[in-house]
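Chemist:
Residue numbers (my numbering), protein chains in the order written: chain X, 851 to 1207; chain C, 851 to 1207.
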């Protein structure tokens, strides 16, 4: 209940602060089809990317269209890191996990001799930054083992309230890509149910998905650790164990979508080769489908990386996009805004380790 | 697309046939809070069970109540076998799996020497009927290995269209408990999101959950086999393997709820000791919760079984219900109708093996 109240206070604050931008509206509360127009996509330039999106949505939501898709089947899936918010120089989840490793290192003298802890404690973050979702899930599992789901959620919540991205000097929860928030709102207004399908820990991402993207917990699919269900003196708890259970990346993405949603998506957005199976699975459905990759081409406003990046590598996906009919969104050319305008009152103290190279 | 059309045709037929009963309305399409009254629960007698349900729903949905629960947090979970439809003399899924074993036995000469196949092929179903969800999942996994998700779904769909329960001489899809359909409708009308949490195969149950209960695929949580994601000559498929991945029973129920929904339910209904952890997990949440067991006390209209039943055993749950504040629904006393009135046109040829003893 306290957690719920906390969430509502945060949500209220976010609404106040984001009055000048798209408010991440609760999924499920969409208006009637046709009410939303392409004007919602104000941060998208009038290029092929935006036109492709609007044409597609119009095609499948116009009742007279031969490609009309009933509302119940309008499922759109989005990767999170690098698709809805930045993942450089390291994923936000990894920054969070590293801080916890340092906090609890005193209880683990053996870490001074064990990798990756030894390097982390010495401040050498190069290898761990390149270890991707698998690496950060292993760290999370180890560093947060023994916490209940509620304790973990409270810790994540608190961390988001007190941590900022050092380059942009803004809370991480402020760094959703504005064009993607608009896209989520546009799709919901057209009857789509929007899901996150992330390699990040499902509990970590759920804590921020509602306030950042308006996506409720049950529409977040993510990696998981193993849990223990226990009943001690009448108290029931789900306790996190030090072991990764599922890693939702690559081919595990379509498998997780099938298991949780049970319908093939109509729209899929990703940004890396690890998202390719999700896009393939979506594209292979009967009827029209929209699969797209966000291409990070904007070193000035965000980051520029693709084929040789150690995290969020996009190589094969770029080669195959043309042949597969996938839309490639060029961040520099297709977006006139990357982040919503900063509000001085939302910045918090910087807390991220700065030495990733 | 063909599968979708098929589904709509079926849905249309069901709507026509069930004009005299509660139509399983699509979840998510609920009316405003307050619009639904207890009158919806016409098949419930005016006993303590019905009053407890109505009082609880009124308590948590009245905005002025100190126990008011916001719409987004109104999650209700239901076991399937024995809670929403019969599970005796064997679960419907087991009947389906057995038929497949017989159909494909010619390709598996080794089954003549392997249990449980040997007994099944000889018509001795006693042990397999007592093997519960675990046994039927193992059979399903083996007998349907190598099928894609789509092929499996089509087979299940076809089977439901052509198979009937031999005792009631009605299609299995007609055998939802009418009071439970009314309860689902009543909860939805009061802003609850209704989920199935079943030990049955998630793909099997999804094929029938929409048309029977109005519950869409993404609100069905169930057991799973392992899958292979493969891309062959441009064709993408998820292929069922001969191995059970997760069995959603006992403590695995709250774990699966946490993983998929990410919120603790407000209401949980089950009928067996295997549902107890789901009820405990629900009851242990902050604020008011409703946990309930359907007690099979009606040999005449359905079945009578509890403490010594080989499947759907309810023993510890009955002992603990009082102390834990769980509602026990007495099928004989609390329900004035068990199944919706039969319609002559919906019966199909009986196909279930009859020798369970």
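Glycine is no exception: its CB is placed at the ideal position from the N, C-alpha and C atoms.
Going along the chain, which residues of its own chain have a beta-carbon closer than 7 Å to the beta-carbon of residue 917/X, five neighbours each way excluded?
Modeler: Taken in chain order, the residues that qualify are 909, 910, 1137, 1138.
Chemist: On the DSSP bridge assignment, give the partners of residue 928/X in chain order.
Modeler: Partner(s): 1046/X, 1119/X.
Chemist: For residue 999/C, return the contacting residues in chain X, with the cut-off set at a CB-CB distance below 8 Å.
Modeler: The answer, in chain order, is 1108.
Chemist: Residues of chain X with a CB under 7 Å from the CB of residue 1217/C: which are they?
Modeler: With chain C covering only 851 through 1207, there is no way to say anything about residue 1217/C.
Chemist: Just the Cα atoms here: how many angstroms apart are residue 881/C and residue 1040/C?
Modeler: At residue 881/C, the pLDDT of 42 sits below 50, so the modelled position is not reliable; the number obtained from the coordinates is stated separately. Looking at the two C-alpha atoms, the distance is approximately 8 Å.
Chemist: Name, please, each residue of chain X whose Cβ falls closer than 7 Å to the Cβ of residue 1066/C.
Modeler: By Cβ distance, chain X contributes 922.
Chemist: Which parts of the stretch 1065 to 1144 of chain C are runs of the alpha helix (DSSP H), unbroken and 4 residues or longer, counting only runs that do not cross its ends?
Modeler: Here the runs fully enclosed are 1102 to 1110, 1126 to 1133.
Chemist: Would you mind telling me which residues of chain X sit closer than 8 Å to residue 1111/C, beta carbon to beta carbon, in chain order?
Modeler: The contacting residues are 1067, 1068.
Chemist: Starting from residue 975/X, follow the beta strand (DSSP E) in both directions and report where the run begins and ends.
Modeler: Note, residue 975/X: premise wrong, no beta strand (DSSP E); not H, not E.
Chemist: Using three-state DSSP, classify residue 872/C as helix, strand or coil.
Modeler: Only weak support is given to the placement of residue 872/C: the predicted model assigns it a pLDDT of 45, under 50, and the value that follows is read from those uncertain coordinates. Coil.
Chemist: To the nearest angstrom, report how far apart residue 1188/C and residue 891/C are at their CA atoms.
Modeler: Roughly 12 Å between the two C-alpha positions.
Chemist: For the stretch 1115 to 1135 of chain C, which residues have a beta carbon sitting closer than 7 Å to at least one beta carbon of chain X?
Modeler: Taking 7 Å as the Cβ-Cβ cut-off against chain X, the residues of the stretch 1115 to 1135 of chain C that qualify are 1127, 1130, 1131, 1134.
Chemist: Please classify residue 1166/X as buried or exposed, where buried requires at least 16 neighbouring CB atoms within 10 angstroms.
Modeler: It counts as exposed.
Chemist: Sorted by chain position, which residues of the same chain lie with C-beta nearer than 6 Å to residue 1076/X's C-beta, five sequence neighbours on each side aside?
Modeler: The residues are 1091, 1093, 1095.
Chemist: With a cut-off of 8 Å, do at least 3 Cβ pairs link the stretch 1167 to 1186 of chain C to the stretch 1148 to 1158 of chain C?
Modeler: At 8 Å Cβ cutoff, the stretches touch.
Chemist: Would you call the stretch 934 to 949 of chain X and the stretch 974 to 992 of chain X touching, i.e. three or more CB-CB distances under 8 Å?
Modeler: Flag = yes, the stretch 934 to 949 of chain X and the stretch 974 to 992 of chain X touch.
Chemist: State buried or exposed for residue 884/X, treating a residue as buried only when at least 16 other CB atoms are found within 10 Å of its CB.
Modeler: Note on residue 884/X: pLDDT 40, under 50, position unreliable in the model; the coordinate value appears next. Looking at its Cβ environment, which holds fewer than 16 other Cβ atoms inside 10 Å, residue 884/X is exposed.
Chemist: CA-CA distance, residue 1192/X and residue 1020/X?
Modeler: Near 8 Å, if we compare the C-alpha coordinates of residue 1020/X and residue 1192/X.
Chemist: Check for me: the beta strand (DSSP E) holding residue 1169/X runs from which residue to which?
Modeler: Segment 1166 to 1174 is the alpha helix (DSSP H) holding residue 1169/X; no beta strand (DSSP E) there.
Chemist: Can you tell me where the beta strand (DSSP E) with residue 1179/X in it begins and where it stops?
Modeler: Note, residue 1179/X: beta strand (DSSP E), 1177 to 1180.
Chemist: So, does the CB of residue 1082/C fall closer than 8 Å to a CB anywhere in chain X?
Modeler: Taking Cβ atoms only, chain X never reaches closer than 8 Å to residue 1082/C, which makes this a no.
Chemist: For residue 893/C, I'd like the list of residues in its chain whose CB is within less than 7 Å of its CB, leaving aside the five on either flank, ordered along the chain.
Modeler: Excluding positions up to five away in sequence, the list reads 1028, 1029, 1032, 1185, 1186, 1187.
Chemist: Would you list, in chain order, the members of the stretch 1134 to 1155 of chain X that have their beta-carbon closer than 7 Å to a beta-carbon of chain C?
Modeler: From the stretch 1134 to 1155 of chain X, only 1134, 1136, 1137 have a Cβ closer than 7 Å to chain C.
Chemist: What three-state label does DSSP hand residue 1146/C in the structure shown?
Modeler: In the structure shown, residue 1146/C sits in a strand (DSSP, three-state: E or B).
Chemist: Quick check: is the beta carbon of residue 1074/C nearer than 8 Å to any beta carbon in chain X?
Modeler: Yes, because at least one Cβ of chain X sits closer than 8 Å to the Cβ of residue 1074/C.
Chemist: Below 8 Å on the Cβ atoms is my contact criterion, and I expect residue 1051/X with residue 1080/X to pass it. Report the Cβ-Cβ distance as a whole number of Å.
Modeler: In fact, because the Cβ distance is near 20 Å, the residues do not count as touching under 8 Å.
Chemist: Going by alpha carbons, who is nearest to residue 1161/X out of 1035/X, 1099/X, 1128/X?
Modeler: The candidate whose alpha carbon is nearest that of residue 1161/X is 1099/X.
Chemist: Does residue 975/C have its Cβ less than 8 Å from a Cβ in chain X?
Modeler: By this cut-off, residue 975/C is not an interface position.
Chemist: What did DSSP end up calling residue 998/X once you bin it into helix, strand or coil?
Modeler: Looking at residue 998/X - three-state DSSP - the assignment turns out to be strand.
Chemist: Got a sec: does the ligand HEM put a non-hydrogen atom nearer than 7 Å to the Cβ of residue 1137/C?
Modeler: With respect to the ligand HEM, the structure shown offers nothing to examine, as it has no ligands at all.
Chemist: Taking 8 Å as the threshold (beta carbon to beta carbon), is residue 1104/X in contact with chain C?
Modeler: Residue 1104/X counts as touching chain C.
Chemist: Against residue 1101/C, what residues of chain X qualify as contacts under a CB-to-CB distance less than 8 Å, listed in chain order?
Modeler: 1079, listed in chain order.
Chemist: Any idea what DSSP makes of residue 1153/C, helix, strand or coil?
Modeler: DSSP places residue 1153/C in coil when its eight states are reduced to three.
Chemist: Our contact map puts residue 906/X next to residue 1046/X with C-beta atoms below 8 Å; I'd like the distance itself, whole angstroms only.
Modeler: About 20 Å separates the two Cβ atoms, so there is no contact after all.
Chemist: Can you tell me whether residue 1083/X is buried or exposed? The criterion is at least 16 other CB atoms within 10 Å of its CB, across all chains shown.
Modeler: The residue is exposed, with fewer than 16 neighbouring Cβ atoms inside 10 Å.
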